[in-house]
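FYI, the UniProt record's numbering numbers position 134 of the sequence shown as 134, with every residue one higher than the one before it.
Heads up: the structure comes next, in structure tokens.
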Amino acid sequence: MRNNTLLTFLARRPSTTTTHNPNLRWRFFCSPPSSSSTGPNNKLFVGGLSWSMDEKSLKDAFSSFGEVTEVKIVYDRDSGRSRGFGFVNFTNEDDAQVARDAMDGKALLGRPLRVTYALERVRGGHVVVPRLSDSGDANS
């Protein structure tokens, strides 16, 4: 019985349209952020990295905004090639916010970066993440 309840919960999906914003779509389930990560935090997600970017170069690019404590580029397990994104940790929230504001949309090694706050990864729970539709059509 418990297993059926869990499957029913996981299978439920909210309506693809909302009364507040018809362009809002539900993209996928992911782990919810912890309560401490609802606002700005010290960890930034950096997307759009060049394939040739290494962790030292990424750290150098962000260290002018404050003390960087850790840099991690995510690599494909099978090929060993960069997946095009990584994370940059700062010692304080203010430096992370300044770096996010300054670097989001800026080109680094010929590619525009997408810089946002990283969400805390929590195992177990599910949350729905909204995504704006590309076409603007609420019925597609």
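Beta carbons are placed, not taken as given, at the ideal position from N, Cα and C, and that holds for glycine.
These numbers come from a predicted model, not from an experiment.
Same chain only: Cβ atoms within 7 Å of residue i, ignoring 5 sequence neighbours per side
i   : result
V74 : R83, F85, G86
As assigned by DSSP and simplified to three states, the class of residue i
i    : result
E120 : coil
Buried versus exposed call for residue i [16 or more other C-beta atoms within 10 Å across all chains shown]
i    : result
S43  : Looking at the sequence itself, residue 43 is Lys, so the reference to Ser does not match. Classification of K43: buried, given that the 10 Å Cβ count is 16 or more.
A102 : exposed
N41  : buried
A61  : buried
I99  : Before going further, note that residue 99 is Ala rather than Ile in the sequence given. Per the 10 Å Cβ criterion, buried.
Cβ shell of residue i (< 8 Å), same chain only, five flanking positions each side left out
i           : result
D76         : S82, R83
G110        : S50
residue 143 : Because the chain here runs from 1 to 140, residue 143 falls outside it and cannot be looked at.
V107        : The question names Val, but residue 107 in the sequence shown is Ala. Once the five neighbours on either side are set aside, the close Cβ partners of A107 are L113.
S63         : none
Beta-carbon proximity list for residue i, same chain, < 6 Å, skipping 5 on both sides
i    : result
D95  : F65, G66
T91  : E67, T69
N3   : Low confidence applies to N3: its pLDDT is 49, below 50, so where it sits in the model is not reliable, and the reading given next is rough at best. Hits under 6 Å: none found.
T116 : F45
G47  : F85, R114
N89  : N42, K43, T69, E70
Residue i beta carbon near the ligand MG (any heavy atom closer than 7 Å)
i   : result
L49 : This structure lacks the ligand MG; in fact it carries no ligand of any kind.
Worksheet item: What are the complete alpha helix (DSSP H) segments, minimum 4 residues, inside the UniProt domain "RRM" (42–120)?
Response: The qualifying runs are 55–62, 93–103.
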